[in-house]
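A.B. asks: First the structure, which I've put down as structure tokens, then a few questions once you've had a look.
Residue numbers (this note's numbering): 33 to 296.
Spelled out as structure tokens, the structure:
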């Protein structure tokens, strides 16, 4: 399957088969994809703790429960707790030295680049290290890693759903993560119980409202030719709701033993 079609077909899959375990190798591939994602300064602050429902302790399973979406977490064979390790900033110097040695950092001339790094660039980063630990760019780059892991999951026939949680501190403490970490989100992983379309392409705001060119008052011009090209490549799929969606949801509710509010 081509990348464009993968992007178009990927959906948040909320309903997975609770009886069907997910192979550790498939989770590893997701983590490998996250590991090689771009991250500013090569800091790699994205980390993950993977909870397998069939082998985790009761304490770990209880730690990741959440209100509202608790039924998704209970049903999922795997839940990935994605978190950011802010202490990775303390190793910024080593990461930049690695980049420079690998020829990936265009800084200084060939003969004096390492000296220039030590004397010019590293002092700047050291001066703002505590600021860099605050929410911001780190979360953005962690998101790139999670996105790559999600695409890898889909490529392997898995369904995932990323869930926010207000209980980040409690989850961090219960799972024994260091105080320097922030929980970003929980990602359920399993084999889909619903069709990959999951009711169809979800509503999106107009392109012109979301993107600008050169100034805020100028919407980015949207080429209809590009739209048609992407539609042919299946980036865009049938808009929701599909005609059978309500019947599908009712079937899943009964099959998984969910109360009606659990579909919210």
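We put the CB at the ideal spot given by N, CA and C, even for glycine.
On a predicted model such as this, the values are computed, not experimentally measured, just so you know.
Count the other C-beta atoms from every protein chain shown that fall within 10 angstroms of the C-beta of residue 220, then say buried if there are 16 or more, exposed otherwise.
C.D. replies: Here residue 220 refers to the residue found at position 188 when the chain shown is read from its first residue. By the neighbour-count rule (16 or more Cβ atoms within 10 Å), residue 220 is buried.
A.B. asks: Can you tell which of 240, 126, 266, 198 has its C-alpha closest to the C-alpha of residue 252?
C.D. replies: Within the chain shown, the letter at position 220 stands for residue 252. It is 240 whose Cα lies nearest to the Cα of residue 252.
A.B. asks: By a C-beta neighbour count over all protein chains shown, 10 Å radius and 16 as the cutoff for buried, is residue 46 buried or exposed?
C.D. replies: Along the chain shown, read from residue 1 onward, the residue named residue 46 stands at position 14. So residue 46 counts as buried.
A.B. asks: For residue 62, name the three-state secondary structure that DSSP assigns.
C.D. replies: What you label residue 62 is simply residue 30 of the chain shown in a count that begins at 1. If DSSP states are grouped into helix, strand and coil, residue 62 belongs with the helices.
A.B. asks: Please determine, among 201, 59, 93, 73, the residue with the shortest C-alpha to C-alpha distance to residue 161.
C.D. replies: For this step, residue 161 is matched to residue 129 along the chain shown. Closest option to residue 161, Cα to Cα, is 73.
A.B. asks: Within its chain, find whatever has a CB closer than 8 angstroms to the CB of residue 42; leave out the 5 residues flanking it on each side and keep chain order.
C.D. replies: Stepping through the chain shown from its first residue, residue 42 is reached at position 10. Here the set comprises 182, 183, 186.
A.B. asks: Quick check on residue 191: does DSSP put it in helix, strand or coil?
C.D. replies: For this step, residue 191 is matched to residue 159 along the chain shown. Three-state DSSP puts residue 191 in a strand.
A.B. asks: Hey, could you find the ends of the alpha helix (DSSP H) residue 268 is sitting in?
C.D. replies: Here the question's residue 268 lines up with position 236 in the chain shown. Where residue 268 is concerned, there is no enclosing alpha helix (DSSP H), given that its DSSP letter is neither H nor E.
A.B. asks: Quick one: what's got a C-beta closer than 8 angstroms to residue 128's C-beta in the same chain, skipping five residues either side?
C.D. replies: In the chain shown, counting from the first residue as 1, residue 128 sits at position 96. The answer, listed in chain order, is 73, 74, 137, 149, 153, 154, 157.
A.B. asks: Can you give me the C-alpha to C-alpha distance between residue 280 and residue 212, rounded to a whole angstrom?
C.D. replies: Numbered from 1 along the chain shown, position 248 holds the residue referred to as residue 280. Numbered from 1 along the chain shown, position 180 holds the residue referred to as residue 212. Between residue 280 and residue 212, the C-alpha separation is close to 43 angstroms.
A.B. asks: When you compare each of 50, 287, 198 to residue 100 by their alpha carbons, which one comes out closest?
C.D. replies: Indexing the chain shown from 1 puts residue 100 at position 68. Residue 198 is the option with its Cα nearest to residue 100.
A.B. asks: Can you list, in chain order, the residues of its chain whose CB lies under 7 angstroms from that of residue 192, leaving out five sequence neighbours each side?
C.D. replies: Numbered from 1 along the chain shown, position 160 holds the residue referred to as residue 192. Cβ neighbours of residue 192 beyond the five flanking positions: 45, 182, 185, 219, 220, 221.
A.B. asks: Whose C-beta lies closer than 6 angstroms to the C-beta of residue 71 among residues of the same chain, with five residues either side of it excluded?
C.D. replies: If you number the chain shown from 1, residue 71 lands on position 39. The answer, listed in chain order, is 173.
A.B. asks: Terminal residues of the continuous alpha helix (DSSP H) containing residue 95?
C.D. replies: Counted from its first residue, the chain shown places residue 95 at position 63. Residue 95 -> alpha helix (DSSP H) spans 90-95.
A.B. asks: So if DSSP puts residue 275 in a beta bridge, which residue, or which two residues, is it bridged to?
C.D. replies: Looking up residue 275 in the chain shown gives position 243. DSSP, once it has assigned bridges, lists no residue as partnering residue 275.
A.B. asks: With burial defined as no fewer than 16 other Cβ atoms inside 10 Å of the residue's Cβ, what is the status of residue 51: buried or exposed?
C.D. replies: In the chain shown, the residue the question calls residue 51 occupies position 19. With fewer than 16 Cβ atoms within 10 Å of its Cβ, residue 51 is classed as exposed.
A.B. asks: Just grab the DSSP bridge partners of residue 222 for me.
C.D. replies: Start at 1 with the first residue of the chain shown, and residue 222 comes out as number 190. Beta-bridge pairing links residue 222 to 191.
A.B. asks: Check each candidate in 118, 119, 145, 282 and name the one with the smallest Cα separation from residue 130.
C.D. replies: As a first step, residue 130 must be located in the chain shown, where it is residue number 98. Out of 118, 119, 145, 282, 145 has the C-alpha closest to the C-alpha of residue 130.
A.B. asks: Whose CA, out of 206, 77, 249, 275, lies closest to the CA of residue 90?
C.D. replies: Here residue 90 corresponds to residue number 58 of the chain shown, with the count starting at 1. Comparing Cα positions, the closest option is 206.
A.B. asks: Using a 10 Å radius around the Cβ and a threshold of 16 neighbouring Cβ atoms, would you call residue 142 buried or exposed?
C.D. replies: Taking the chain shown and counting its residues from 1, the one referred to as residue 142 is at position 110. Label assigned to residue 142: exposed.
A.B. asks: Where does residue 294 fall in DSSP's three states?
C.D. replies: Taking the chain shown and counting its residues from 1, one reaches residue 294 at position 262. At residue 294 the pLDDT is 46, less than 50, meaning the model places this residue with poor confidence; the figure from the coordinates comes in the next sentence. Three-state result, residue 294: helix.
A.B. asks: My understanding is that residue 66 touches residue 178, with C-beta atoms under 8 angstroms, so please give their C-beta distance in whole angstroms.
C.D. replies: Your numbering for residue 66 matches position 34 in the chain shown. Your numbering for residue 178 matches position 146 in the chain shown. Contact holds; Cβ gap of about 6 angstroms.
A.B. asks: Can you tell me where the beta strand (DSSP E) with residue 84 in it begins and where it stops?
C.D. replies: For this step, residue 84 is matched to residue 52 along the chain shown. Residues 78-84.
A.B. asks: Taking the beta strand (DSSP E) that residue 112 belongs to, which residues open and close that run?
C.D. replies: Counted from its first residue, the chain shown places residue 112 at position 80. Per DSSP, residue 112 belongs to the beta strand (DSSP E) from 110-117.
A.B. asks: Let me confirm a value: residue 118 is counted as buried when at least 16 other C-beta atoms fall within 10 Å, else exposed. Which label applies?
C.D. replies: As a first step, residue 118 must be located in the chain shown, where it is residue number 86. With 16 or more Cβ atoms within 10 Å of its Cβ, residue 118 is classed as buried.
A.B. asks: As a quick exercise: from 227, 217, 265, pick the residue whose alpha carbon is nearest that of residue 272.
C.D. replies: Stepping through the chain shown from its first residue, residue 272 is reached at position 240. When each option's Cα is compared against that of residue 272, the closest is 227.
A.B. asks: What's the call for residue 107, buried or exposed, on a 16-neighbour Cβ count within 10 Å?
C.D. replies: Locating residue 107 in the chain shown gives position 75, counting from the first residue. Result: buried.
A.B. asks: Mind checking which residues open and close the beta strand (DSSP E) that includes residue 249?
C.D. replies: Start at 1 with the first residue of the chain shown, and residue 249 comes out as number 217. Element bounds for residue 249: 247-251.
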